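What follows is a single structure, written as structure tokens, with notes after it.
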Ligand SMILES: [Fe+2]
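Numbering (my numbering), first residue to last: 3 to 138.
Listed below in structure tokens is the structure:
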């Protein structure tokens with residue numbers, strides 16, 4: 003079972019960004035599955051940390067692409083990335099400190115944020131990149 007589907011809804015026709023988004027979808031689904039199956043907290047937290055690490059790697063790649071192509075909406079896009087990482091890192095800390103209980107609600111947030119961000123913010127970036135490279 004998965005919480006997030008890799009489908010045309012979130013495919014942007016940019017090979018690198020799509021490949022990394024697909025990996026993110028897999029990581030979110032693994033995290034969701036681990037919670038659903040009530041796996042050990044340590045295993046769930048390891049998955050959450052992996053998700054944070056990969057997200058940071060992916061955001062850096064996107065941000066490099068934006069800088070390289072002098073993307074005009076760089077700052078608002080980066081601000082969305084920063085807020086997301088801060089929120090997820092905060093969840094991680096609060097869980098570690100026993101102030102937040104691991105729940106499927108966290109995965110709902112991840113899914114909604116990712117889908118919205120990909121469909122709106124990343125789509126805008128990919129459209130810009132495609133136009134710039136003369137594909138559209
Ligand atoms: Fe993005």
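Glycine is no exception: its CB is placed at the ideal position from the N, C-alpha and C atoms. Only a predicted model underlies this, so the values are computations on that prediction, with no experimental measurement involved.
In or out: residue i buried (at least 16 other Cβ within 10 Å) or exposed?
i, result
"residue 103", "exposed"
"residue 33", "buried"
"residue 90", "buried"
Which value, in whole angstroms, describes the spacing of the CA atoms of residue i and residue j?
i, j, result
"residue 40", "residue 25", "23 Å"
"residue 82", "residue 116", "11 Å"
"residue 3", "residue 35", "7 Å"
"residue 128", "residue 105", "33 Å"
"residue 47", "residue 94", "7 Å"
"residue 10", "residue 125", "12 Å"
"residue 44", "residue 8", "27 Å"
"residue 92", "residue 110", "16 Å"
Compare the Cα-Cα distances from residue i to each of the options and report the closest residue.
i, options, result
"residue 19", "86, 56, 100, 44", "56"
"residue 37", "5, 123, 86", "5"
"residue 51", "62, 114, 98, 66", "98"
"residue 17", "67, 49, 28, 42", "67"
"residue 85", "107, 27, 119, 69", "119"
Is the distance from the Cβ of residue i to the Cβ of residue j below 9 Å?
i, j, result
"residue 14", "residue 30", "no"
"residue 60", "residue 23", "yes"
"residue 73", "residue 131", "yes"
"residue 87", "residue 58", "yes"
"residue 71", "residue 134", "yes"
Step through the CB atoms of chain D and report whether any lies within less than 9 Å of the CB of residue i.
i, result
"residue 109", "The displayed structure is made up of one protein chain only, and chain D is not part of it."
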